[in-house]
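Notes follow the structure.
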Amino acid sequence: MKMQYLKGVAKLYYYQEKCIHCGICIDVCPHEVFAWQENDKMILQDKERCMECGACAMNCPVDAVEVKPGVG
Amino acid sequence: MINIINLALEDEIPVFDIDLAYAVNGSVDSPAGPVPRLNTTLTARDYWHDWRARWSIKRNHFRIPTGLYAIGCPDEHSPVLVTANYKLTLDKLRIELGGLNLWILVIDTKGVNVWCSAGKGTFSAPQIIKRINQSGLHQIVSHRRLILPQLAAPGVASQQVVKATGFKVIYGPIRSADIADFLANHNKASAAMRQVRFNLWDRIILTPVELLMAVKFIPIILLFFLLLNVIKPGNASWLQIIQTAGANSLPYLAAIVIGSVFVPVMLPVLPFKSFALKGTLAGLIWSGLVIYFNHTFLFKNLYSVMLGNSLLLTALIAFLSLNFTGATPYTSFSGTQKETLAGVPVMAAGAALGIILLVISRFGWF
């Protein structure tokens, strides 16, 4: 069962221009926030399911993802 | 046997190898010396200790010595799994590894599970690097791959590990039950293996700790109703006062169970996304029942009593429900912060008004 928490609060930022489409964020995300689009391109599929665990940002080799829980 | 484990004893923290001694079954020779081999079945004592940990008994002393362990008869080509030094975590892992040959590198996470220690930053790249170097892993295996639990990812900058040691980090599945399939599938995890779940049983096993944290309200509740019933006691005897206070407290003991067990278990069924609102709804329903059965709990038939108790009960259940956001695997910090900042002042105001109404009720005005 997929549970959904409050919407519009997650502080997750994806900078597509920096992304090298390595897919590590897809591997580490426990909630399928990121996904492959056709042509092996990464997309931010479902930001609302982000729980700000920070796994994607920690493992992104080019800082194309940022998670800033509790800021702003 | 215990001596072997002592070789890997962490220097600065107390580690209770007694917890692990009976999980060790001989040792395996390696170029870096003997490596203790772990059983892949649990003994009654393991189950008993794991059950105790779920009830928070000695949970914070449930650490095992760091270092390298063997499963089966691993060699230089065998995979290396990395895990936390929480005994419950290691037990959940090793029971899934029967029939496999591999190495397990246990790092120092201060006795905390994988996900929480990753979040706290103790399951980290520097810690992994330290343990790789200490264990002599470079001599023991010829490949340069580490399999980490996926939920370690929030704490581990994987590029740092490869830069410092040459070991490439591969994120394995979330659940230890999927490891055998993951290995058989050439280190590929299916989409389902990468998704965290929070089903009924996952929630149920968290409730003992929630309940124990909520139990601390009980003396306060008992004392409150005792003091309340001492105000204008009329010709009630001390025994009657104590009886009334006890009966008055019963709905609150039930409220503790509702907030810390019922709401977590019924989480997906209760409407609203906000935990505070889920709890408010449960609180209002329970208040309605308490009002309906007010004679059972020796409450007086006064509006001030009904309203005061409703406010206090609902505030308590809403507070405990909100508290459960800290235990789920899907609530974001920003979301929890939002509902805490909005909800807690309302709960505090409701509880304060409830107390005032109950005090006023002693004078029997309304």
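Residue numbers (my numbering), protein chains in the order written: chain Z, 2 to 73; chain Y, -17 to 348. Ideal placement from N, C-alpha and C gives every residue a C-beta, glycine not left out.
- Item | Closest by C-alpha distance to residue 258 of chain Y, when choosing among Y/245, Y/251, Y/141 | Stepping through the second sequence from its first residue, residue 258 of chain Y is reached at position 276. Ranking Y/245, Y/251, Y/141 by Cα distance to residue 258 of chain Y puts Y/245 first.
- Task: Determine, using beta-carbon pairs with one atom in the stretch 96 to 106 of chain Y and one in the stretch 27 to 35 of chain Y, whether at least three such pairs fall under 8 Å.
- Result: Cβ pair count under 8 Å is below three, so no.
- Item | Residue-level contact to chain Z via CB, residue 176 of chain Y, 8 Å cutoff | Here residue 176 of chain Y corresponds to residue number 194 of the second sequence, with the count starting at 1. It does; some Cβ of chain Z falls within 8 Å.
- Excluding the 5 residues preceding and the 5 following residue 195 of chain Y in the sequence, name in chain order all residues of the same chain whose CB lies nearer than 8 Å to its CB. Here residue 195 of chain Y corresponds to residue number 213 of the second sequence, with the count starting at 1. Excluding positions up to five away in sequence, the list reads 242, 305.
- Query: Thinking C-beta only, is residue 299 of chain Y closer than 8 Å to residue 240 of chain Y?
  - Reply: In the second sequence, residue 240 of chain Y corresponds to position 258, counting from 1. In the second sequence, residue 299 of chain Y corresponds to position 317, counting from 1. In this structure, residue 299 of chain Y lies closer than 8 Å to residue 240 of chain Y by Cβ.
- Message: Considering Cα atoms alone, identify which of Y/131, Y/173, Y/237, Y/93 is closest to residue 192 of chain Y.
- Response: Taking the second sequence and counting its residues from 1, the one referred to as residue 192 of chain Y is at position 210. Cα-wise, what sits closest to residue 192 of chain Y is Y/237.
- Task: Quick one: using the 10 Å Cβ neighbour count with 16 as the cut-off for buried, is residue 346 of chain Y buried or exposed?
- Result: Counted from its first residue, the second sequence places residue 346 of chain Y at position 364. So residue 346 of chain Y counts as exposed.
- Beta carbon of residue 13 of chain Z, beta carbon of residue 53 of chain Z: below 8 Å? Numbered from 1 along the first sequence, position 12 holds the residue referred to as residue 13 of chain Z. Numbered from 1 along the first sequence, position 52 holds the residue referred to as residue 53 of chain Z. Yes, Cβ-Cβ distance for residue 13 of chain Z and residue 53 of chain Z is below 8 Å.
- Go ahead and pull the three-state DSSP assignment for residue 122 of chain Y. Start at 1 with the first residue of the second sequence, and residue 122 of chain Y comes out as number 140. Helix, per DSSP.
- Identify each residue in the stretch 36 to 61 of chain Z for which the Cβ-Cβ distance to at least one residue of chain Y is less than 9 Å, and report them in chain order. When C-beta distances to chain Y are compared with 9 Å, the residues of the stretch 36 to 61 of chain Z below that value are 50, 51, 52, 53, 54, 55, 56, 57, 58, 59, 60, in chain order.
- Item | N- and C-terminal bounds of the alpha helix (DSSP H) containing residue 74 of chain Y | In the second sequence, the residue the question calls residue 74 of chain Y occupies position 92. Segment 69 to 76, the alpha helix (DSSP H) holding residue 74 of chain Y.
- Query: Between the stretch 60 to 84 of chain Y and chain Z, which residues of the former have CB atoms less than 7 Å from a CB of the latter, in chain order?
  - Reply: none
- Message: On the criterion of 16 or more Cβ atoms from any shown chain inside 10 Å, does residue 70 of chain Z qualify as buried, or is it exposed?
- Response: Reading the first sequence from its first residue, position 69 is the one you call residue 70 of chain Z. The residue is buried, with at least 16 neighbouring Cβ atoms inside 10 Å.
- Task: Return the CA-CA distance between residue 25 of chain Y and residue 247 of chain Y, expressed in angstroms with no decimal places.
- Result: Here residue 25 of chain Y is taken as the residue at index 43 of the second sequence, counted from 1. Here residue 247 of chain Y is taken as the residue at index 265 of the second sequence, counted from 1. Looking at the two C-alpha atoms, the distance is approximately 29 Å.
- Would you tell me roughly how many angstroms separate the C-alpha atoms of residue 11 of chain Z and residue 251 of chain Y, rounded to the nearest one? Counted from its first residue, the first sequence places residue 11 of chain Z at position 10. Counted from its first residue, the second sequence places residue 251 of chain Y at position 269. Computed Cα separation, rounded: 24 Å.
- Item | Residue nearest to residue 14 of chain Y in terms of C-alpha spacing, selected from Y/52, Y/272, Y/47, Y/30 | Position 32 of the second sequence, counted from the start, is the residue given in the question as residue 14 of chain Y. The shortest Cα separation from residue 14 of chain Y among Y/52, Y/272, Y/47, Y/30 belongs to Y/52.
- Beta carbon of residue 21 of chain Z nearer than 8 Å to that of residue 63 of chain Z: Stepping through the first sequence from its first residue, residue 21 of chain Z is reached at position 20. Stepping through the first sequence from its first residue, residue 63 of chain Z is reached at position 62. Against a cut-off of 8 Å, the Cβ pair of residue 63 of chain Z and residue 21 of chain Z comes out as a contact.
- List the whole-angstrom C-beta distance separating residue 293 of chain Y from residue 335 of chain Y, where the pair is believed to meet the contact cut-off of C-beta under 8 Å. Here residue 293 of chain Y corresponds to residue number 311 of the second sequence, with the count starting at 1. Here residue 335 of chain Y corresponds to residue number 353 of the second sequence, with the count starting at 1. Confirmed, about 6 Å.
- Query: For residue 69 of chain Y versus residue 44 of chain Y, is the C-beta distance shorter than 8 Å?
  - Reply: Numbered from 1 along the second sequence, position 87 holds the residue referred to as residue 69 of chain Y. Numbered from 1 along the second sequence, position 62 holds the residue referred to as residue 44 of chain Y. Yes; because the gap between Cβ atoms is below 8 Å, this pair is in contact.
- For residue 9 of chain Y, write down the residues that DSSP places opposite it in a beta bridge. Locating residue 9 of chain Y in the second sequence gives position 27, counting from the first residue. Answer is Y/18, bridged to residue 9 of chain Y.
- Any idea if residue 19 of chain Z is buried or exposed, counting beta-carbon neighbours within 10 angstroms, 16 or more meaning buried? Taking the first sequence and counting its residues from 1, the one referred to as residue 19 of chain Z is at position 18. Exposed.
- In chain order, what residues of the same chain lie with their CB nearer than 6 Å to the CB of residue 311 of chain Y, ignoring the 5 residues before and after it? Taking the second sequence and counting its residues from 1, the one referred to as residue 311 of chain Y is at position 329. Exclusion of the five residues before and after residue 311 of chain Y leaves 178, 180 as the residues of its chain whose Cβ lies within less than 6 Å of its Cβ.
- Task: Could you spell out the range, first to last residue, of the alpha helix (DSSP H) harbouring residue 147 of chain Y?
- Result: Here the question's residue 147 of chain Y lines up with position 165 in the second sequence. First-last of the alpha helix (DSSP H) with residue 147 of chain Y: 140 to 147.
- Item | Cβ-Cβ distance between residue 82 of chain Y and residue 162 of chain Y below 8 Å | Walking along the second sequence from the start, residue 82 of chain Y turns up at place 100. Walking along the second sequence from the start, residue 162 of chain Y turns up at place 180. In contact: residue 82 of chain Y and residue 162 of chain Y (Cβ atoms closer than 8 Å).
- Message: Closer than 9 Å between beta carbons: that is the criterion. Which residues of the stretch 292 to 320 of chain Y meet it against chain Z?
- Response: Flagged, chain order: 307, 310, 311, 312, 313, 314, 315, 316, 317, 318, 319, 320.
- Please report the residue range of the beta strand (DSSP E) in which residue 63 of chain Y lies. Here residue 63 of chain Y refers to the residue found at position 81 when the second sequence is read from its first residue. Unbroken beta strand (DSSP E) run through residue 63 of chain Y: 62 to 65.
- Name, going along the chain, the residues of the stretch 2 to 14 of chain Z whose beta-carbon falls closer than 8 Å to a beta-carbon of chain Y. 2, 4, 5, 6, 7, 8, 10, 11, 12
- Query: With 16 other CB atoms within 10 Å as the buried threshold, where does residue 85 of chain Y fall?
  - Reply: Counting from 1 along the second sequence, the entry for residue 85 of chain Y is found at position 103. Looking at its Cβ environment, which holds 16 or more other Cβ atoms inside 10 Å, residue 85 of chain Y is buried.
- Message: So, with DSSP's three-state summary, where would you put residue 46 of chain Z?
- Response: Position 45 of the first sequence, counting from 1, holds the residue named residue 46 of chain Z. DSSP places residue 46 of chain Z in coil when its eight states are reduced to three.
- Which same chain residues, not among the five before or five after residue 133 of chain Y, have their C-beta less than 6 Å away from its C-beta? Translated into the one-based positions of the second sequence, residue 133 of chain Y becomes position 151. The residues are 96, 97, 156.
- Query: How would you list, in chain order, the residues of chain Y whose beta-carbon sits under 7 Å from the beta-carbon of residue 29 of chain Z?
  - Reply: Position 28 of the first sequence, counting from 1, holds the residue named residue 29 of chain Z. Chain Y residues near residue 29 of chain Z: 132, 135, 153.
- Message: Give me, in chain order, the residues of the same chain whose beta-carbon lies closer than 6 Å to that of residue 329 of chain Y; leave out the 5 immediate sequence neighbours on both sides.
- Response: By one-based count along the second sequence, residue 329 of chain Y stands at place 347. 297, 300, 301.
- Item | Same chain, Cβ closer than 6 Å to residue 9 of chain Z, neighbours up to 5 away in sequence not counted | Position 8 of the first sequence, counted from the first residue, corresponds to residue 9 of chain Z. Closer than 6 Å at the Cβ level, and outside the excluded window around residue 9 of chain Z, lies no residue.
- So, do the stretch 258 to 267 of chain Y and the stretch 202 to 222 of chain Y have three or more beta carbon pairs nearer to each other than 8 Å? Touching, no.
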